[in-house]
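All remarks here apply to the structure that follows.
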Amino acid sequence: MHEAWYRVMSIVVLIVGVWEGPLAILYRLVSGDEGSVLRAANYLPSPWCYPVAVAAAVLTYGVLAVLDTGHKKALARQKAQDDARSAAQSG
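According to our numbering, the sequence shown is numbered sequentially starting from 12.
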């Protein structure tokens, strides 16, 4: 995975997850707003919006973990290719 794409995807997932998770709960508690398209969890009635927002945060954490694992595998694969290439050139 290219480093720039990894960083872009991680930032986008983090922003969306934090916005739909903890910030949606905070906004609901502070303003009492019933939600909008940008805060989808707040469309739900009061007891259900909180578990959905927490689930969004947990899902974000899971997606970030998968992205990190894929990034580490890609780096290891790239290092192995570079090592094989340098061994072939020197030997």
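Cβ atoms here follow ideal geometry from the backbone N, Cα and C, with glycine treated the same way.
{"Check": "Mind checking whether Leu-55 and Val-63 have CB atoms under 7 Å apart?", "Outcome": "yes"}
{"Check": "Tell me whether Ile-26 counts as near the ligand FMN, meaning its Cβ is closer than 6 Å to at least one heavy atom of that ligand.", "Outcome": "What this structure holds is no ligand at all, so the ligand FMN is not there to describe."}
{"Check": "Run the CB neighbour count on Arg-88, radius 10 Å, all protein chains shown included, and call it buried at 16 or more, exposed below.", "Outcome": "exposed"}
{"Check": "In angstroms, rounded to a whole number, what distance separates the CA positions of Asp-79 and Gln-100?", "Outcome": "31 Å"}
{"Check": "I think Ala-67 touches Ala-91, with their Cβ atoms under 8 Å apart; what is that distance to the nearest whole Å?", "Outcome": "Actually they are not in contact, since the Cβ atoms of Ala-67 and Ala-91 sit about 36 Å apart, beyond 8 Å."}
{"Check": "Give me the Cβ distance between Leu-75 and Val-24, rounded to the nearest whole Å; I'm assuming they're in contact under 8 Å.", "Outcome": "6 Å"}
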